[in-house]
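First the structure, in the form of structure tokens, and then the observations on it.
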Amino acid sequence: MVGSSRSLAYSMSKSMIDQFTRCVALDLAPKQVRVNSVNPGIILTEMVRNIVPAEHLDAFMRETYKIYPLGKVAEAVDVAKMIAFLASSECSFTTGTRNTVDSGFHVACPR
């Protein structure tokens with residue numbers, strides 16, 4: 001959701017998914033098919049472990065917690081819960097949306 005000059009392709013792919021979601025949602029709405037995207041913030045996964053050297057991981061996560069308004073980062077299960085909600089009948093009037101699971105980072109980010 002937030003671009004970075006150090007990861008142009010990655011940043012562009014995030015924007016592409018948002019636009020793709022909107023377009024496919026419009027295309028499939030007449031068939032009553034709902035399409036939504038989930039945009040997680042930092043989750044401690046292999047991707048993060050591959051980017052941040054092991055000896056700096058704890059310090060990186062402590063600093064990360066400081067910039068997330070809720071003071072924590074999501075776990076994979078939190079993303080799964082959002083996906084389950086979006087797929088459920090409780091969310092039957094939602095389509096074409098971007099749904100963040102990021103502890104409020106997107107509203108606090110200076111960009």
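Reminder that position 81 of the sequence shown reads as 81 in UniProt numbering, one-by-one numbering, no gaps.
Each residue gets a CB set at the ideal place from its N, CA and C atoms; glycine is no exception.
In this text, all values refer to a predicted model and were calculated from it rather than measured experimentally.
Proximity of residue i and residue j at Cβ, strictly below 8 Å
i: SER39; j: LYS72; result: Reading off the sequence shown, one finds Asn at residue 39, where the question assumed Ser. The answer is no: Cβ separation not under 8 Å.
Chain-order list of residues whose beta-carbon lies under 8 Å from that of residue i (same chain, five-residue window excluded)
i: THR45; result: ALA76
i: ASN99; result: ASN36, SER37, VAL38, ASN39, MET82 and LEU86
i: THR21; result: VAL35, ASN36, SER37, GLY96, THR97 and ARG98
Alpha-carbon spacing of residue i relative to residue j, whole angstroms
i: ASP102; j: ILE42; result: 7 Å
i: LYS31; j: ALA84; result: 21 Å
i: GLU55; j: TYR65; result: 18 Å
i: SER57; j: MET12; result: It should be noted that the sequence gives Leu, not Ser, for residue 57. LEU57 and MET12: Cα-Cα distance of roughly 26 Å.
i: ILE17; j: ALA59; result: 31 Å
i: ARG6; j: ALA80; result: 28 Å
Test: residue i CB closer than 8 Å to a CB of chain D
i: MET47; result: Of the chains in the structure shown, none is chain D; there is only one protein chain.
Own chain residues within Cβ distance below 7 Å of residue i, not counting five before or after
i: VAL24; result: VAL35
i: ASP78; result: VAL101
i: CYS91; result: PHE85
Do the segment 90-107 and the segment 55-72 meet, that is, are 3 or more Cβ pairs less than 8 Å apart? yes
Uninterrupted alpha helix (DSSP H) stretches inside the segment 53-101 (no shorter than 4 residues): 57-67 and 76-87
What runs of the beta strand (DSSP E), each 3 residues or longer, lie entirely inside the segment 21-56? 37-40
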